[in-house]
Amino acid sequence: LCGGFRTYWETFGGLAVYGLPISEEFQEVNPDTGLVYTVQYFERQRFEWHPGEWPERYDVMLGRIGVQVLDARYPNR
135 LCGGFRTYWE TFGGLAVYGL PISEEFQEVN PDTGLVYTVQ YFERQRFEWH
185 PGEWPERYDV MLGRIGVQVL DARYPNR
């Protein structure tokens, strides 16, 4: 946990909100946009690095994990 992800994690709730990191940073295709982002998974969330898309606070955006799980379980919903 380092850089912008660490800053976001520490500023907006850390362990109590997001849990511990369960992966290193890696590149992943965002299923909503089809774009590739640097991501890191935590016990309760996925952080996505979106540099420069919003003011600095929004360089880290939270993934829509619930939607992805629901779509995987019920693809014809």
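Mind the numbering: the sequence shown is residues 135 to 211 in the numbering used here, read in order. In this text, a Cβ means the ideal position worked out from N, Cα and C, and glycines have one as well. On a predicted model such as this, the values are computed, not experimentally measured, just so you know.
Leu204 by DSSP, collapsed to three states: which one?
Within the sequence shown, residue 204 is the residue found at index 70, counting from 1. Helix, per DSSP.
Looking only at its own chain, which residues have a Cβ that is under 8 Å from the Cβ of Tyr192, when we skip the five neighbours before and after it?
Here the question's residue 192 lines up with position 58 in the sequence shown. Answer for Tyr192: His184, listed in chain order.
In terms of residues, what are the limits of the alpha helix (DSSP H) holding Phe139?
To locate residue 139, count along the sequence shown from 1; it is residue 5. Here the alpha helix (DSSP H) through Phe139 covers 137 to 145.
How many Å lie between Tyr142 and Val194 at the Cα?
If you number the sequence shown from 1, residue 142 lands on position 8. If you number the sequence shown from 1, residue 194 lands on position 60. Taking the straight line from one Cα to the other gives about 7 Å.
What did DSSP end up calling Leu196 once you bin it into helix, strand or coil?
Mapped onto the sequence shown, residue 196 falls at position 62. In this structure, Leu196 counts as strand in the three-state DSSP scheme.
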